[in-house]
Structure formats: C-alpha cells, structure tokens
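All remarks here apply to the structure that follows.
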Amino acid sequence: MSSETQAGIKTVGGAAAAMRSGPDTSTGGGSLTMVWALAQRELAALFYLPIAYVVGAIFLGVTGWFFMNETLVPGQEASLRALMERMAGLLVFALPLLTMRSLADDYANGTIETLMTAPVTDAAVVVGKFLGAMLFYLVLLAATLLHVVLMASHAAPVGTVVLVGYLGMILLGGLFIAVGIFASSCTRHQLLAAILAIIILAIFTFLVDAGAEYAGYAWLRNVCAYVNIFWHFADFTKGIIDSRSVIFLGSGIIFFLFLATKVMESRRWR
Amino acid sequence: MITVKQLTKTYGAHKAVDNVSFSVQKGDIVGFLGPNGAGKSTTLRVLTCYHPATSGTATVAGYDVLTQSMEVRRRIGYLPESNPLYPEMRVREYLDFRGKLRGMSRGDRAAAISRVTEACWLGEFIQRPIGQLSKGMKQRVGLADALLHDPQVLILDEPTIGLDPNQIRKTRQLIGDLAKRHTIILSSHILPEVEAICERLIIIAGGKIRASGSIGEVRNRIVGASRLIAEIRGPVQQVQDGVRKIAGVKSVDVHAADGWNRLHIGSDEGRDVREEIAALAARSNWGLRELRLEVGSLEEFFTQITAKAAGAEAAE
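Just so you know, the sequences run in chain order P and A. Each residue of the first sequence is one higher than the last, beginning at 767 in my numbering. Each residue of the second sequence is one higher than the last, beginning at -13 in my numbering.
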C-alpha cells in the first residue's frame, strides 16, 4: 500500500523536487563478478605495494618471536591462546596500515571518479575493497599456521580449539579491516586514515580494556566490558563459540562497511 | 539523447553552474567550450552521475541521472579530465578489470579489448604497466576504457589536454572517427579544437551558457556583428548619402584623406551589402579600391564573451 502511494506521488508529482528526492530505482551494479573484480584488483594492488610486505614481515616476525619465547617453552600449555592475544594486539596497528590506502588512494589520485561513474554501486565498491584486504589478511594468517605445525611436533594442541581460535582471528581481522576501510573512506590522506583507524580500534580494545577494570562506576565498567573487542575475541581463543561474540564481531563488520558506504555517498554531494 | 534542464550546482556559496539548459541529439558531436573554471567539468560530472546537481534535471538516453543512475552509467563512456588510471596495472589487465565492472562476459571483454586497442593504437603497449606509459599513451588508455562497452554516449573532458601537437592531431582524428558511431560531448578550452572536431558548439563561461548552436550559426552571429570597410573616391557628402540609402545599411562613418573616403559601414545582421556598394560606385563613376568584410573570428568572439563574463563576475 505504502509503496503504491509513493510510486503515485513520484509519477503524478513530476516536479523536480519529487523526482530528486526519489530513490535511485535503477538496479544492478552489485553483481558478484563486479565485487570479485574489485576484490582481485585490491589484492593485486596490495601485493604490488611495499607497505603490505613491510607490515606482513613485521607482523609475522613479531608473532614468531612471541611464539618462540613465550609459547614454545617447557611447561607452557599446548595452546595458541596467549599467542593469539598477542597477535590481536599487533593487528590493532598492522591492519590499519594495510587498509589506509583502500579508498583514500582512489580519492587522492582521482580513480574514485572512474569507479563511481561505472555501473557499480558504492556498496559493491566498499565490499570489494573489504574482500581484497581480507584475502591479503588470510594469506598472512595462513602463514601463522606454521606455529601450529611446530607446536604439534612438540605437544598435542586440541584441534577444535585451534580451529575456533582461527575463526576468532578471521572475525577479529574482518572487524579491524572494516574499521580501516571506514577510516579510509573519510579522507584522501592515507596517513590520516591509518591514524583514525588506529584511534578507533585502540578505543574499543586497549582503552575499554582498562576502563572495564578501573572505571569508577559499575555501569561504566559493564559498558566498557561489553564493547571490548578483545573480550569478545577471548572466547574464541579458549575454543568457545559464543553466539553473542559472533554477532558482536559480525555486526561490527557490517556496521562499519555500511558507514563507509554512507560516507562515500555523502562525498558525492560535496 | 541528452537533455539538461535548469541545472544548477553550487559548492558552498559558489555557483559553479548556474541554470544551464541544453540538449544534444543522437549522433551529434557537441563541443563544450569555455575557459578553465567555467563549469564544464562540473556539468559533465552531473551527466556521468559522479555528483548530483543542486537543482534541475538531466537525462541521458531517456534515463534520469539521479533516479536511474545505473541505466545512465551503462550507456556512457567517460574520460575524466585528469584521466585517472591505476599505474601498477598493465593495460590489458586494466581494461579487463573495467570490462568486469561493466558486467561484460569473458568473451565480450576479449572482443572489446581487441577492438579498442586497435581503435586507439594501443597494440604494442597492451602488456605494459600503465605507470610506464607517456601522457599521450595514457590518454589513449583512458579513451579505450571509455569505448570498451561501445556506449551510446561518449563524454570526453578535455581529451587533448597535456598532449604534444602530434598526439593532439592523432587524438582529434580518433575522436572524429568515433563520431560516426557515438553521440559525443567534448569539453575544451581551446577553440580551434572544437572547431576542428565538433558540429555544434556550447560556449560556457562563469557557469552560464553564453552562446550555442552549430558552428555555422555561431559564426553567423559574429558575421552579423561585423562591419564592411570600403575606400571610395568621390565627393564626401554624396558618397555618404549614397551608401546610407542602400537597404540594410545602418551606419556609415567616413574618414576623408587624399581625396579618398574610408568608410566603415555597419549593416543589419546577416546582410551583406558589398555588391550594392560596388554597383553604386560603378554607377556614379567613383573610384573603388577596397571593399572587404571584416569578420570577427570565433576566437575573438570567444575572448569577448569570456572576458565579459569575467568582468561581470568581478563586478559582482
């Protein structure tokens, strides 16, 4: 009923104002091929850029150091829990450096114009960029499987716990990348995008971590604990799949990708 | 094919495009001429769905740029002014990527890429990274991208900017060839370019349309505003009166020197009275040693119009 009325207004009105406020009714522009093409290009661009290698090398190097000095020592439990928590802390800084160029670079060198005038929706562009960065992150993450192999040769980690841990890593990385892409949609300056993403992530990890412990009010401690990304992530490292945490991380990804799309749309009007 | 009605686009308090209306017929090749900052790119960006207008409407191939933007985007090939490309991609890779974004199948893409590489003389460069190409070559890559899906409408924003004379000549030739298949809007701040390629002309300055029509029509307007110069030997008063009586003559200025009268004759628009003047001189047995029409060039007209617009802006 309501949609009928709207359609009526649109055709009867005919006035510029009614036409202009009408939504874009043309369809298409978001097919899987298009999103996949965008993701592939994004991934190829990351492999082309030195920054991705530097970030990847540092991430893997530091992770390896933690593994050798903290995890792979006599008397430790055969679990990747402590290592994954270290990795999560590292990713707060590493992933914004990977995603900072994602949209900011298109704004800076003008390719945003060819993207936004191609028959592709803004949402498809954002999702394509997200998937591209995600694929690069998965490659990085796959490299850390070496630690699992090494550990298995010395002890017997529980397979499902490792698996669930990696599911947590994927969701956590996804959320960090979504925040990074949102930050990248806000500016044409890559460094600003990285800083903005790190600030947002640091607030929802380190700051609220401290807040949950030291805040003066009980309700504030509760809020801090609830919005703490690390707190939701911790379940996974223990081998627990808590639906609340899955929903928290998953909806966080969708929320920030949605924000990035809205920022892109709003920048058209400027 | 393209209809623009009362289009206005403001950036903050600045009106980049002010109440512009025009239309382009199918198969036309239209030059959008104006100085830098006249509002050319802003208008083209509304047509290509890059940014929405503040008010007014625009349709391309019958689809509204705001409410049916995907349909419009599918039918447009666009070369932006800065010709942005991804430097790390190879030419073929880039064109393939652009083809995928337009939803073309693998077979269509392969056929389209070989078609546009031939049309844009990209053959030997197809495997080169775009970042290594010269400015002129990059421009051809941008054009090839715009042509990839064989669009009904081509929108080319300053297609020859930054090219050397040889590349400019080749690019113009290429655009001329494209005119057979596509409706083209081309923007430029160089008048001879538009004269060389386009059939119709829209002159824009200060965000407003100052003149439009076929190249011939715009020329006629200038001819109308032009004047005749004649040098006739005879009695001053009689010469002046005789010329003034000729139908269509509006004003006569006479400067007499050494027995010759130099006449500056203004006439009605589009009216050429040279023959009558020659006949009058012959009839009256006066000497006639010069008779010519001083046609203002399009260049002059363009400079005049744009200077006027700049003056008006400065006065505001």
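C-beta: ideal position from N, C-alpha, C; glycine also.
- Taking a C-beta distance under 9 Å as the contact criterion, A/I232 and A/V259 qualify as a contact pair.
- In the structure shown, the three-state DSSP call for A/G199 is strand.
- In the assembly as shown, P/L967 is a buried residue. Its beta-carbon has 16 or more other beta-carbons within 10 Å.
- Here P/T953 is actually not in contact with P/A944; their C-beta atoms are around 17 Å apart, not less than 8 Å.
- In this structure, the alpha-carbon of P/I947 lies about 36 Å from that of A/G193.
- Put simply, the backbone Cα of P/G876 is about 10 Å away from that of A/E67.
- In this structure, A/A98 lies away from A/G109, with their beta-carbon atoms at least 9 Å apart.
- A/S237 is positioned such that its CB atom lies closer than 9 Å to that of A/I251.
- Assignment of A/R230 by DSSP, reduced to helix, strand and coil, places it in the helix class.
- If you check the CB distance, A/P178 and A/E285 come in under 9 Å.
- Remark: C-beta atoms of P/D790 and A/M75 do not approach each other more closely than 9 Å.
- Cβ contact annotation for P/A1026 (same chain, cutoff 8 Å, sequence separation greater than five): L869, V892, A944, I947, F948, S950, S951, in chain order.
- A straight-line Cα-Cα distance of about 42 Å links P/A805 and P/Y980.
- Counting only the Cα atoms, A/R95 lies some 20 Å from P/G894.
- Using beta-carbon distances, P/Y814 counts as an interface residue toward chain A, with a partner under 9 Å.
- Residue contact check for A/M56 against chain P: a CB pair falls below 9 Å.
- In this structure, the alpha-carbon of P/D1008 lies about 14 Å from that of P/Y932.
- Apart from the 5 residues on each side of it in sequence, P/V928 sits with its Cβ closer than 7 Å to the Cβ of L846, V914 in its chain, given in chain order.
- Residues of chain P whose Cβ lies closer than 7 Å to the Cβ of A/T169 do not exist; the shortest such Cβ separation is about 17 Å.
- With the criterion set as a beta carbon lying under 7 Å from some beta carbon of chain A, the region 932 to 964 of chain P has no members that meet it.
- Here P/G827 is exposed: its Cβ has fewer than 16 other Cβ atoms, across all protein chains shown, within 10 Å.
- Contact annotation for A/F83 against chain P: A803, R807 [CB-CB distance below 7 Å, chain order].
- The residue among A/P115, A/R92, A/K156, A/L81 with its C-alpha nearest the C-alpha of A/A130 is A/L81.
- Shown here for P/A818: same chain residues with a beta carbon closer than 7 Å to its own, the five before and five after excluded, namely L812, L864, F902 in chain order.
- A/W107 and A/G148 have their C-alpha atoms spaced approximately 19 Å apart.
- Look at the region 8 to 34 of chain A and you find these whole runs of alpha helix (DSSP H), each 4 residues long or longer: 26 to 33.
- When secondary structure is reduced to three states using DSSP, A/G148 falls in the coil class, being assigned neither helix nor strand.
- Within 10 angstroms of the beta-carbon of A/Q224 lie fewer than 16 other beta-carbons, which makes it exposed.
- A/Q138 and A/H168 have their C-alpha atoms roughly 5 Å apart.
- One thing to note: A/V58 has its Cβ within 9 Å of the Cβ of A/Y49.
- P/I966 has a beta carbon lying at 9 Å or more from every beta carbon in chain A.
- In terms of beta-carbon proximity, P/L897 stays away from the interface with chain A, with every pair separated by 9 Å or more.
- Distance from the Cα of P/L904 is smallest, within the candidate group P/E879, P/P923, P/L937, for P/L937.
- With 16 or more other Cβ atoms from the protein chains shown falling within 10 Å of its own Cβ, P/S1011 counts as buried.
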